[in-house]
Amino acid sequence: MKYQVAVVVLAVITCAPPLAHADAQQDYLGELAHNGAGYRTPSRALELADNICKDLHHGMMPEDVVNKEFFKTRPQAHVIIDAAQRHICPDTLGH
Numbered sequence: 025m026k027y028q029v030a031v032v033v034l035a036v037i038t039c040a041p042p043l044a045h046a047d048a049q050q051d052y053l054g055e056l057a058h059n060g061a062g063y064r065t066p067s068r069a070l071e072l073a074d075n076i077c078k079d080l081h082h083g084m085m086p087e088d089v090v091n092k093e094f095f096k097t098r099p100q101a102h103v104i105i106d107a108a109q110r111h112i113c114p115d116t117l118g119h
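Position 25 (the sequence shown) corresponds to 49 in my numbering; numbering is contiguous.
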């Protein structure tokens, strides 16, 4: 039984995407502010980044995310997606 629990825990740890570190979140918010990509609240901006990363982890391409999520403009969409990839889910940069 202990072996089965250990295998399940190991599988969850190795399959789960890494959680964004607080510094990465601040860097993401800072990049949005620097590039004029406004957001209602920091928590909403971070929720959007998490959704973007989930979509990318499920095989969507950045352009597909632009079409799926609501953004004020396409340039703003690319700023937000690029920032999310750089700071929140850098493992998706090859997409």
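Quick reminder that beta carbons are idealized off the backbone N, C-alpha and C, glycines included.
Selection Thr-116, His-81 and Ile-112 evaluated against Gly-54 yields Ile-112 as nearest (Cα-Cα). Looking from the CA of Lys-96, the closest CA among Asp-47, Ala-57, Tyr-52 and Tyr-63 belongs to Tyr-63.
A residue is called buried when at least 16 other Cβ atoms come within 10 angstroms of its Cβ; Ala-73 meets this threshold and is buried. The beta carbons of Val-90 and Ala-61 sit about 13 Å from each other, so the pair does not count as a contact at 8 Å. Counting only residues of its own chain and dropping the five nearest sequence neighbours on each side, Ile-105 has a CB closer than 8 Å to the CB of Ile-76, Pro-86, Val-89 and Val-90. Closest option to Gly-118, judged by alpha-carbon separation, among Glu-93, Pro-99 and Gly-83: Gly-83. Assignment of Lys-96 by DSSP, reduced to helix, strand and coil, places it in the coil class.
In the three-state DSSP reduction, Ala-61 falls in the coil class, being neither helix nor strand.
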